[in-house]
Structure formats: structure tokens, C-alpha cells
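Colleague: Input: one structure, supplied below.
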Amino acid sequence: RNKVNTRDRTIPQGYDSIKLHYSDDPLDNNLENDPDYYYHEYVVGNESQAIALFLVSFTFDPEADARKRNPLCEQCESSRATLYCLQDNARLCQPCDAELHSKSKVLEKHSRVPISEIHGNLTLTRCKQHQDMPIQFFDTVSHEPVCVHCKMVGSHSTGENAHHPLITINEAYADGLSRLLQEREVVEQKQRHINAQMQHIDERLRAVHANSSSIEQQIHEILARVREKLKSETQAKLHLLLSDEAELRRQMHYYEWLEAFVRDQK
Numbered sequence: 087r088n089k090v091n092t093r094d095r096t097i098p099q100g101y102d103s104i105k106l107h108y109s110d111d112p113l114d115n116n117l118e119n120d121p122d123y124y125y126h127e128y129v130v131g132n133e134s135q136a137i138a139l140f141l142v143s144f145t146f147d148p149e150a151d152a153r154k155r156n157p158l159c160e161q162c163e164s165s166r167a168t169l170y171c172l173q174d175n176a177r178l179c180q181p182c183d184a185e186l187h188s189k190s191k192v193l194e195k196h197s198r199v200p201i202s203e204i205h206g207n208l209t210l211t212r213c214k215q216h217q218d219m220p221i222q223f224f225d226t227v228s229h230e231p232v233c234v235h236c237k238m239v240g241s242h243s244t245g246e247n248a249h250h251p252l253i254t255i256n257e258a259y260a261d262g263l264s265r266l267l268q269e270r271e272v273v274e275q276k277q278r279h280i281n282a283q284m285q286h287i288d289e290r291l292r293a294v295h296a297n298s299s300s301i302e303q304q305i306h307e308i309l310a311r312v313r314e315k316l317k318s319e320t321q322a323k324l325h326l327l328l329s330d331e332a333e334l335r336r337q338m339h340y341y342e343w344l345e346a347f348v349r350d351q352k
């Protein structure tokens, strides 16, 4: 892989992919450097090189999410629910709870818990097929949650699903969490290995830079000595030539004087 600018999408010879780098887009650079995001783009030579490790499918309903965080009372449907009755499987506000559970001693024995305590309880999550029933089991073959109605009279009461092994939803959660922790350990080992490789590369880069600086300094020193030697040799040659020139001029002046003396004698 080779990191290139996004304007050049040609895979160089000897590489099987290139990493796109949006040098002109600060937003993309921020995403790429943000530890909370995993954002990288590549160009590959063959589509078979792109292997999907995970496929996540989900449905998001903002209104349902808001209702889950702040559910309304199922009795008056106007006030915010603060209590959950385990026997009635109902969310109630304080006044409605007092009204409904004060009618008889049997109703007074119903167990109610604060709404804030049931959001993290897996056994209180409702079945998609039977909205009034909590999820209690998990199908280990089709990988779907199952309630008692599903098991007794619903999708898992007959047919092939009836033979699928079921475990409790809490067991499924614990098993999933255990496998997630194991995978996390593998990921952390790979991260440590990558960090060690990156540290080794950084050390080699620093060594290369240090070696380059040292060699550059040596070259400057050698160049300085060569320049000084050249200057010295040049000055010596100049002095020698100037001395020879002065001697020749002296001799020229002597012969000119001698010639003039001879003319005067004539």
C-alpha cells in the first residue's frame, strides 16, 4: 500500500492498493486523525481484495428512542412514567400507581421498580412479535431473541425453529460479552504489535535523520576545508605569478634603460 493524494488514483507498479489522502480537505484530515473515528479510503486493484469482516444491520427510530428514554405512563398516557410494575408489565406515573395498586391487598403486593433500573435489565426488553411480553430466551441457531409466547405458541412452537436450542437472554448476553472480550484481547494484541512496529519505524526514521544530519555536517566540514585549501593554493600561485611578473618587469626596465644608455653614448 502506498499513501497518495486523492487526485492520483493510479496504483503504482508493485503495489496492490493505494490509500487516498485528502490533503486539500481539512475535514477529511480531521476525521483521519481523530481517535474516535476509523476513517480510511483505499483504491484496490481487484474487488476480491475487499473482504467484509462485519455486517451491521439495524433500524433507528428517533421517536421510539425518545419514548424509551422518557416513557409516558401507560394508564393516563400524559405524565412521565417513573415506576414499572413487574406483574402488570406496565409503566406508570406515581399517581396512577397509587390509584391502581390501592384497590386491593393483592394489587398492593405487586413489585414496582424505578424506571431507571429497568433500562439496563435484559429480561425486561419486550419481544418484537409480542409487545406485552419480555424477552427471556435466545435462539442460538437463528440468533434471535425469543419470549415465552414465541416458545409456547409462536414462531418457536412448531416447525424447524421448535428444535433450535434456546438459552436464557442473560446467558446469551454473558456469552456474547465473553466472546467480545476475547476478540478485544486479540485486537489489543494486534494493536500492541502494530504500535511496536510503528515505534521501530520511528526509531529507524530518527536514525536515518540523525545519520543524514551527521553526513551533511561532515560534507560541510570537508567542503570548508577544500575551500580553505583552494584559497591557500590560489594565493600561493598568485604570489608566485606576481613575483615572476615583477621580475620580468624589472628586467624589461633594465633593458630599456640599457638601450637608452647606448643611444646616449652614440
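This note's numbering puts the sequence shown at residues 87 to 352.
Idealized CB from N, CA, C, for every residue including glycine.
(1) State the DSSP-derived secondary structure class of Val348, mapped to helix, strand or coil.
(2) Can you give the beta carbon distance from Glu194 to Leu178, rounded, assuming they're within the 8 Å contact cut?
(3) Tell me the residue span of the alpha helix (DSSP H) that contains Glu160.
(4) Measuring only the C-alpha atoms, how far is Leu327 from Leu334?
(5) How should Pro306 be labelled, buried or exposed, when 16 other C-beta atoms within 10 angstroms of its C-beta is the threshold for buried?
(6) Can you tell me which of the three DSSP states Ser103 falls into?
(7) Would you tell me roughly how many angstroms separate the C-alpha atoms of Ser134 and His279, rounded to the nearest one?
(8) Starting from Ala184, trace the alpha helix (DSSP H) both ways and give me its first and last residue.
(9) Could you tell me the alpha carbon to alpha carbon distance between Pro98 and Leu106, rounded to whole angstroms?
(10) Shortest alpha-carbon distance to Asn156 belongs to which of Tyr170, Leu186, Ala258?
(11) Please say whether Ile255 and Gln222 have beta carbons closer to each other than 8 Å?
(12) Alpha carbon to alpha carbon, how far is Lys89 from Asn281?
(13) Name the one or two DSSP bridge partners that Tyr170 has.
(14) Since Arg212 and Pro200 should fall inside the 8 Å C-beta cutoff, what is the C-beta to C-beta distance between them, to a whole number of angstroms?
(15) When you compare each of Cys182, Gln173, Asp350 to Val192 by their alpha carbons, which one comes out closest?
(16) Would you identify the three-state DSSP class for Ser318, choosing helix, strand or coil?
(17) When the cut-off is 8 Å and only beta carbons count, does Thr244 lie next to chain B?
(18) Are there 16 or more other CB atoms within 10 angstroms of the CB of Asp183, so buried, or fewer, so exposed?
(19) Enumerated in chain order, which unbroken segments of the beta strand (DSSP E) with a length of 3 residues or greater are wholly contained in the segment 245 to 288?
(20) If you count every other CB in all the chains shown that lies within 10 Å of the CB of Ala167, and 16 or more means buried, which is it?
(21) Determine the burial state of Ile308: buried for a count of at least 16 other Cβ atoms within 10 Å of its Cβ, exposed for fewer.
(22) Once DSSP output is grouped into helix, strand and coil, what is the label at Arg311?
(23) The alpha helix (DSSP H) with Val234 in it runs from where to where?
(24) Cutting at 8 Å between CB atoms, please list the residues of its own chain near His196, excluding the five before and the five after it.
(25) Is Ala346 buried or exposed, if buried means 16 or more other CB atoms sit within 10 Å of its CB?
(26) Given a cut-off of 8 Å, decide if Val227 and His250 are closer than it, judged by their beta-carbon atoms.
Modeller: By the coordinates alone:
(1) helix
(2) Beta-carbon to beta-carbon, Glu194 and Leu178 are separated by about 14 Å, too far to satisfy the 8 Å threshold.
(3) Careful: Glu160 lies outside any alpha helix (DSSP H) and carries neither H nor E.
(4) 10 Å
(5) Reading off the sequence shown, one finds His at residue 306, where the question assumed Pro. Under this definition His306 is an exposed residue.
(6) strand
(7) 26 Å
(8) Residues 180 to 186.
(9) Cα atoms of Pro98 and Leu106: separation of roughly 13 Å, rounded to the nearest angstrom.
(10) Closest in C-alpha terms to Asn156, from the list Tyr170, Leu186, Ala258, comes Tyr170.
(11) yes
(12) Confidence at Lys89 is low in this model, with a pLDDT of 45, below 50, so the placement of that residue should be treated as unreliable; the coordinate-derived value is given next. When rounded, the distance between both Cα atoms is 19 Å.
(13) Arg177, Val199
(14) Actually they are not in contact, since the Cβ atoms of Arg212 and Pro200 sit about 18 Å apart, beyond 8 Å.
(15) Gln173
(16) In this structure, Ser318 counts as helix in the three-state DSSP scheme.
(17) Among the protein chains of the structure shown there is no chain B, as only one such chain exists.
(18) buried
(19) The qualifying runs are 252 to 254.
(20) Ala167 comes out buried.
(21) exposed
(22) Residue state, collapsed to three classes: helix.
(23) Segment 234 to 238, the alpha helix (DSSP H) holding Val234.
(24) Cys171, Leu172, Gln173, Asp174, His187
(25) exposed
(26) yes
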